[in-house]
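Student: Okay, here's the structure, questions in a sec.
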Amino acid sequence: IVECAMILAAERGWRHTGLGDVAAAADVSLADLHTHFGSKIAILAAFVSQIDGAVLAGVVPMQSDEEDEGESVRDRLFDVLMRRFDALKPHKDAIRRIARDLPRDPLAMICFLPHQARSLAWMLESAGVSSAGVRGRVRTRGLGLVYLSALRAWFRDDTEDMSATMAALDRALGQADAAVRSAPFRCL
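Residue numbering for the sequence shown follows the working numbering, starting at 161 and increasing by one per position.
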């Protein structure tokens, strides 16, 4: 069901893909679709969860805020987000269309944001950065801005090695790092 929704999103756009279209493409009844997913946002949330699983597979857990020898938090976040872009690569056209269409439906966007925030919190945790409490929420929002900046570059990046995406991500992480270091208080 999720894969069919992504294919349809790539072909027609997210806003022109209905639940009936997804059910037909997945060869399931509307009742079966409803049993598994109550909305298109639920399907999108399942897709995000699948991507999270792909990124998190093989990640060696570390204590939150633990420094890895020779690897900074910035380096770990860079690695995690690049693994995410690698996992997203087969669905680039669908994600591009969803990113274009979702903001045109403010209610759907509001419903999707908690799923995206949860996903980014997992990305922080996989890099050994705590997403707990107020600090974690601030970190998650900051990572969201970094991710959005890199995502825009990724949409335009047609290179096999994603060099433009890597450069944009590195630049955004650098800006975030500088902002944290220059903050009048060290809450992060």
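Backbone N, C-alpha and C define an ideal beta-carbon position, used for all residues, glycine too.
(1) Pair every Cβ in the region 255-269 with every Cβ in the region 321-328, then say whether three or more of these pairs are closer than 8 angstroms.
(2) Can you tell which of A184, K200, D212, F315 has its C-alpha closest to the C-alpha of I255?
(3) Look at the alpha carbon of A281 and the alpha carbon of V298, and state the distance between them as a whole number of angstroms.
(4) Using a threshold of 8 angstroms, state whether the C-beta atoms of I258 and L204 are closer than that.
(5) For the alpha helix (DSSP H) that L267 lies in, which residues bound it at each end?
(6) Of the residues R260, F272, T319, L303, which one's Cα is nearest the Cα of A287?
(7) Determine, for R297, whether the minimum Cβ-Cβ distance to residues of chain D falls below 8 angstroms.
(8) Return the residue from the list A206, A310, S279 that minimises the CA-CA distance to L333.
(9) In whole angstroms, what is the alpha-carbon distance linking F197 and S342?
(10) Taking only heavy atoms of the ligand GTP into account, decide whether any of them is closer than 7 angstroms to the Cβ of V208.
(11) Assess contact between the region 242-249 and the region 208-216, defined as three or more Cβ pairs (one per stretch) separated by less than 8 angstroms. Is contact present?
(12) Which of the three DSSP states, helix, strand or coil, is assigned to D321?
(13) What are the boundary residues of the alpha helix (DSSP H) that D358 is part of?
(14) Please report the straight-line C-alpha distance between K252 and V340, rounded to a whole angstrom.
(15) Can you give the Cα-Cα distance for S232 and L305, rounded to whole angstroms?
Tutor: To lay it out plainly:
(1) By the Cβ criterion, the region 255-269 is not in contact with the region 321-328, since fewer than three pairs of Cβ atoms, one from each stretch, lie closer than 8 angstroms.
(2) Translated into the one-based positions of the sequence shown, residue 255 becomes position 95. Of the listed residues, the one whose Cα sits closest to I255 is F315.
(3) As a working mapping, residue 281 is identified with position 121 in the sequence shown. As a working mapping, residue 298 is identified with position 138 in the sequence shown. Computed Cα separation, rounded: 10 angstroms.
(4) By 1-based counting over the sequence shown, the position of residue 258 is 98. By 1-based counting over the sequence shown, the position of residue 204 is 44. Taking 8 angstroms as the cut-off, the Cβ atoms of I258 and L204 count as close.
(5) Here residue 267 corresponds to residue number 107 of the sequence shown, with the count starting at 1. Taken as a continuous stretch (DSSP letters only), the alpha helix (DSSP H) holding L267 covers 266-286.
(6) Residue numbering aside, residue 287 sits at position 127 when the sequence shown is read from its first letter. Considering only alpha carbons, the answer is L303.
(7) Annotation note: the requested chain D is absent from the structure, which comprises a single protein chain.
(8) Indexing the sequence shown from 1 puts residue 333 at position 173. Per the Cα distances, A310.
(9) By 1-based counting over the sequence shown, the position of residue 197 is 37. By 1-based counting over the sequence shown, the position of residue 342 is 182. Near 44 angstroms, if we compare the C-alpha coordinates of S342 and F197.
(10) Absence of the ligand GTP from the depicted structure is noted, as is the absence of any ligand whatsoever, leaving it without description.
(11) These segments touch.
(12) Taking the first residue of the sequence shown as 1, we reach residue 321 at position 161. D321 falls in the coil class under three-state DSSP.
(13) No statement about residue 358 is possible, as the shown extent of the chain runs from 161 to 348 and does not include it.
(14) Against the sequence shown, residue 252 aligns to sequence position 92. Against the sequence shown, residue 340 aligns to sequence position 180. If you draw a straight line from the Cα of K252 to the Cα of V340, it comes to about 31 angstroms.
(15) Position 72 of the sequence shown, counted from the first residue, corresponds to residue 232. Position 145 of the sequence shown, counted from the first residue, corresponds to residue 305. Going by the C-alpha atoms only, they are around 19 angstroms apart.
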